[in-house]
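FYI, the numbering for the sequence shown is 1 to 239, going by full-length UniProt numbering.
What follows is a set of notes on a single structure, which appears directly below.
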Amino acid sequence: MLAKGERLAVATVVETEGSAPRREGSKIVILQDGRTFGTIGGDRAEMIVKEKGLEALNEGEPCTVEMKLEEEEDGGVGMKCGGSMKVFIEILEPADKLVLIGSGKVVKAVAELAEKTGFDTVVIDPFAEEIDFPESSKVISKPIKEGIKEVEIDPQTYIAIITQHKYDENALLESLETNAAYIGLMGSENRVRSLFEHLEKEKNIEGKTLSQVHAPIGLDIGAETPEELAVSIVGEIIM
Numbered sequence: 001m002l003a004k005g006e007r008l009a010v011a012t013v014v015e016t017e018g019s020a021p022r023r024e025g026s027k028i029v030i031l032q033d034g035r036t037f038g039t040i041g042g043d044r045a046e047m048i049v050k051e052k053g054l055e056a057l058n059e060g061e062p063c064t065v066e067m068k069l070e071e072e073e074d075g076g077v078g079m080k081c082g083g084s085m086k087v088f089i090e091i092l093e094p095a096d097k098l099v100l101i102g103s104g105k106v107v108k109a110v111a112e113l114a115e116k117t118g119f120d121t122v123v124i125d126p127f128a129e130e131i132d133f134p135e136s137s138k139v140i141s142k143p144i145k146e147g148i149k150e151v152e153i154d155p156q157t158y159i160a161i162i163t164q165h166k167y168d169e170n171a172l173l174e175s176l177e178t179n180a181a182y183i184g185l186m187g188s189e190n191r192v193r194s195l196f197e198h199l200e201k202e203k204n205i206e207g208k209t210l211s212q213v214h215a216p217i218g219l220d221i222g223a224e225t226p227e228e229l230a231v232s233i234v235g236e237i238i239m
């Protein structure tokens, strides 16, 4: 597990030209022990970015990597794509605590990545079991309202609501009562819009308050699998 306060690097594809393995916005997280999460396309380019990311971590300074995705004899990095890629590597310090509301596959992936990048994670869900979250600091198998009251939520706490819509409304209402630094909600744009309209009309929640919720949660990196969604969500939280 990553020690508290340890740096991590986030490498983001900021520009591509011609043929490239991943589009702009793709990210990879690089830890000080060399582990990585996410991808910017693999192959030689990703190896170079990992090496530069480790150098940036040691120096504590961000950097930009520009690569020609061509054969070495053509001045490239040893790839056959034929295009080019620019990657920005930033150094980040993680937040202290991440509260995850829900217990599905995406929550498991987020909890695993968040713990490995330095967060204390707390999982709240009536059906959550500790055996499913071996790396999490705490698992609270209680209704959302009771569970949140067991957690000390302060301005260094982040909340991610990933309930597959089962407890979205209750979870969001309880979260809005806290002073968390961040509240994110998973769901389609239509689902989020419908829920927000309901809360404004039926619960008298101001639109200004709801506008502070990160919904749909996560960076737009075309994530589909639980692991990709985890990179998207944790990436947004630590930026």
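Cβ atoms here follow ideal geometry from the backbone N, Cα and C, with glycine treated the same way.
Note that the structure is predicted; figures quoted are calculated from it, not measured.
Going by alpha carbons, who is nearest to K108 out of I144, D96, V139 and M79? Nearest of I144, D96, V139 and M79 to K108, Cα basis: V139.
Sequence-distant residues of the same chain with beta carbon closer than 6 Å to G235, five excluded per side: A distance below 6 Å between beta-carbons, with the five flanking residues on each side excluded, links G235 to the following residues of its chain, in chain order: K27 and L219.
Let me confirm a value: M85 is counted as buried when at least 16 other C-beta atoms fall within 10 Å, else exposed. Which label applies? M85 sits buried, since 16 or more C-beta atoms from the chains shown fall within 10 Å of its C-beta.
Is it a yes or a no for the segment 222 to 236 touching the segment 98 to 107, going by three-plus beta-carbon pairs under 8 Å? Yes, since at least three Cβ pairs between the segment 222 to 236 and the segment 98 to 107 fall closer than 8 Å, the two stretches touch.
Please state whether DSSP places K4 in a helix, a strand or coil. Bear in mind that the predicted position of K4 carries a pLDDT of just 48, short of 50, making it unreliable; the figure below should be weighed with that in mind. K4: coil per DSSP, three-state reduction.
Thinking just about the alpha-carbon of each residue, which of E72, T163, N58 and K142 is nearest to the one in P216? Answer by Cα proximity: T163.
Cutoff 8 Å; reference A75; Cβ partners in own chain excluding five residues on either side: According to the sequence displayed, residue 75 carries Gly and not Ala. Only residues of its own chain outside the window of five on either side were considered, and among them K68 have a CB closer than 8 Å to the CB of G75, listed in chain order.
DSSP puts F88 in a beta bridge; with which residues? Its beta-bridge partners are T12 and T64.
Hey, could you find the ends of the beta strand (DSSP E) A160 is sitting in? Annotation: the continuous beta strand (DSSP E) that includes A160 extends over T157 to I161.
Could you check how far apart the C-beta atoms of I91 and A9 are, in whole angstroms? I think they sit under 8 Å. Cβ-Cβ separation between I91 and A9: approximately 6 Å, consistent with a contact (criterion under 8 Å).
Considering Cα atoms alone, identify which of Y167, E135 and S137 is closest to P143. Nearest C-alpha to P143: Y167.
Count the other CB atoms within 10 Å of the CB of residue 305; is the residue buried (16 or more) or exposed (fewer)? Any answer about residue 305 is impossible in this case: the structure gives the chain only from 1 up to 239.
I'd like the list of long-range same chain contacts for A128, defined as Cβ closer than 6 Å, with 5 residues on each side in sequence excluded. The residues are S103, V139 and S141.
Alpha carbon to alpha carbon, what distance is there between G118 and M1? At M1, the pLDDT of 35 sits below 50, so the modelled position is not reliable; the number obtained from the coordinates is stated separately. In a straight line, the C-alpha of M1 is about 7 Å away from that of G118.
Reducing DSSP to helix, strand and coil, say where K166 ends up. If DSSP states are grouped into helix, strand and coil, K166 belongs with coil.
If I measure Cβ to Cβ from E115 and keep anything under 7 Å in the same chain, skipping five residues before and after, which residues do I get? Excluding residues within five positions, the ones whose Cβ falls inside 7 Å are M1, T121, E135 and S136.
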